[in-house]
Amino acid sequence: MSAKRISDAVGDCPATRCLEAALVSNRLAHAYLLVGRDEGAKLALAAAIAKAGNCRGDHGPGEFCDACPSCRQVDAGGSANIRIFGDSGVLKIETVDQFISYASVKTASGCLKVSVFRGVDFFTDVAADRILKTIEEPTSGNVFLLLSRNSRRVLPTIRSRVQIMKVEQSTQEAVDFQDMTSTTGEDACLEVLLEFAKANKSLSETVSRLLRMDSQNSLRDNATGGLQTIALFMNSVLRARGKVSPLAGISLSTEPELARVNFVLDESRVGLFLDHLGERLKHIEQNVNPELVLTNALLELRRMTTHE
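In our numbering, the protein residues as written are 635 to 942.
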C-alpha cells in the first residue's frame with residue numbers, strides 16, 4: 635500500500651501544501667488557526683497531521699501509511715496523540731480546563747501531540763487569556779490547531795499568536811488569509827450590522843449593503859433577509875452579554891466584539907424592538923417599500939446604542 639500525504643485526506647489547498655512542507659522539513663509551527671466553513675475538512679486535516687507525525691509504518695517524510703496501529707488508533711478516536719475539544723457552537727469553561735490539562739502533558743519521545751480546539755469564534759477575553767498562556771509556552775512535541783469559521787470572529791490576541799490558514803479547495807498560492815477571508819449570507823450581514831452598531835458605517839451605506847447583499851435576490855428578498863439577520867444579530871448581542879442562553883437551531887457564532895458594543899439592553903425595550911421586527915417583516919410581505927422598512931428598523935437599532 636502506497637504512503638499517503640495530508641492532501642490525500644483533505645484535498646489540495648494552500649493549507650495542505652504548507653503543512654506538508656513543514657512536516658517534511660520538521661518545521662511545524664506550534665499553533666495554527668484553521669479557518670473555513672467545512673468543519674469535516676478541518677478535522678480530517680487534524681487527523682492527517684496526527685497520522686503523519688506519529689506513523690510507524692513505511693513512508694517518506696511528511697507522509698503516513700494509514701495502516702499501522704498508530705494510524706488506525708487515530709481513525710478509531712483512541713489515539714493518545716490527538717484530542718479534540720469543544721464544538722463549533724458553544725464554549726464551556728470546563729472544556730478550556732480540559733484542553734489546558736491535555737496540552738500540558740509531555741509527549742513520548744519522537745511523537746507529535748495534536749491538540750485541537752473547535753469553536754474559537756466563541757472565546758471570551760478570559761478564555762483567550764487562559765489559552766494564550768498554554769499556546770505561548772507549549773510543551774515540547776505539541777502542535778495546537780484552533781478551528782474557526784471566520785478569522786475575523788477570533789479575538790486579535792489569538793490571531794496574533796498563530797499562523798492562519800484557510801482550509802478549502804483552491805489553486806491559489808499562499809496569501810494573507812486573514813485579509814482574504816470572505817463571508818456570505820448571514821455572516822456577511824452580521825459583519826455589516828456590527829460595523830453599523832459601532833458607528834463605523836453610515837445608515838445609508840448599511841441599508842445599501844443589506845439591500846444588495848445577494849445580487850441574485852430582489853430588493854424585497856434582501857430586505858427580508860436583512861430583517862431576519864437583525865433579529866439574529868440582536869440575539870447574538872444578548873448572548874454575548876450573558877443575557878440569554880443560546881437558542882436551539884442558531885448556528886451563527888457569537889462575535890466577541892458584540893460584548894463591547896454599547897447597547898442599551900433594557901429587557902422591555904429589546905422585546906418591543908423584536909416585536910417591531912416581526913411587524914416589519916409583514917410590511918415587506920404587504921409590498922411596503924423595502925428600503926423604507928429596513929431603514930426604520932436600523933434607526934430603531936441605532937437608538938439602542940450609545941456612542942458617547
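Think of the CB as a built atom: it goes at the ideal place given N, C-alpha and C, for glycine as much as any other residue. Computed from a predicted model, the values in this text were never measured in an experiment.
Which residue comes first and which comes last in the beta strand (DSSP E) that contains residue i?
{"i": "residue 719", "result": "716-719"}
{"i": "residue 748", "result": "747-751"}
{"i": "residue 767", "result": "Unbroken run through residue 767 is the alpha helix (DSSP H), 759-770; no beta strand (DSSP E)."}
{"i": "residue 777", "result": "776-782"}
{"i": "residue 800", "result": "797-800"}
Out of the options, point me to the one whose CA is closest to residue i's CA.
{"i": "residue 938", "options": "830, 714 and 696", "result": "830"}
{"i": "residue 924", "options": "870, 763 and 842", "result": "842"}
{"i": "residue 837", "options": "926, 662 and 802", "result": "926"}
{"i": "residue 718", "options": "703, 736 and 913", "result": "736"}
{"i": "residue 759", "options": "790, 642 and 777", "result": "790"}
{"i": "residue 745", "options": "771, 644, 751 and 777", "result": "777"}
{"i": "residue 772", "options": "839, 738 and 742", "result": "738"}
{"i": "residue 672", "options": "851, 846, 801 and 839", "result": "801"}
{"i": "residue 754", "options": "933, 781 and 769", "result": "781"}
{"i": "residue 677", "options": "749, 740, 855 and 768", "result": "749"}
{"i": "residue 752", "options": "783, 775 and 770", "result": "783"}
{"i": "residue 682", "options": "733, 715 and 663", "result": "715"}
{"i": "residue 643", "options": "705, 904 and 855", "result": "705"}
{"i": "residue 769", "options": "703, 902, 733 and 721", "result": "733"}
{"i": "residue 659", "options": "694, 637 and 646", "result": "694"}
{"i": "residue 907", "options": "747, 872 and 922", "result": "872"}
For residue i, does the count of other Cβ atoms within 10 angstroms reach 16, so buried, or fall short, so exposed?
{"i": "residue 700", "result": "buried"}
{"i": "residue 697", "result": "buried"}
{"i": "residue 727", "result": "exposed"}
{"i": "residue 674", "result": "exposed"}
{"i": "residue 650", "result": "buried"}
{"i": "residue 711", "result": "exposed"}
{"i": "residue 928", "result": "buried"}
{"i": "residue 870", "result": "buried"}
{"i": "residue 946", "result": "The chain is shown from 635 up to 942; residue 946 falls before or after that span and cannot be answered."}
{"i": "residue 680", "result": "buried"}
{"i": "residue 661", "result": "exposed"}
{"i": "residue 684", "result": "buried"}
Can you give me the Cβ contacts of residue i inside the same chain, cut-off strictly under 7 Å, excluding the 5 residues immediately before and after it?
{"i": "residue 915", "result": "858 and 861"}
{"i": "residue 730", "result": "761, 764 and 765"}
{"i": "residue 686", "result": "640, 657, 696, 697 and 698"}
{"i": "residue 911", "result": "861, 864, 865 and 931"}
{"i": "residue 796", "result": "665, 666, 667 and 780"}
{"i": "residue 614", "result": "Residue coverage of the chain in this structure runs from 635 to 942, which leaves residue 614 outside it and unanswerable."}
{"i": "residue 902", "result": "none"}
Between which two residues does the alpha helix (DSSP H) containing residue i stretch?
{"i": "residue 927", "result": "924-936"}
{"i": "residue 841", "result": "837-845"}
{"i": "residue 688", "result": "673-688"}
{"i": "residue 710", "result": "703-710"}
{"i": "residue 668", "result": "Unbroken run through residue 668 is the beta strand (DSSP E), 665-669; no alpha helix (DSSP H)."}
{"i": "residue 732", "result": "727-737"}
{"i": "residue 642", "result": "640-644"}
{"i": "residue 657", "result": "648-658"}
{"i": "residue 790", "result": "790-793"}
Among the residues of its own chain, which have a CB less than 8 Å from the CB of residue i, if the five just before and after it don't count?
{"i": "residue 799", "result": "648, 649, 652, 653, 666, 667, 668, 669 and 811"}
{"i": "residue 702", "result": "689, 690 and 691"}
{"i": "residue 918", "result": "854, 857, 858, 861, 924 and 927"}
In its own chain, which residues sit with a C-beta less than 6 Å from the C-beta of residue i, not counting the 5 before and 5 after it?
{"i": "residue 713", "result": "707"}
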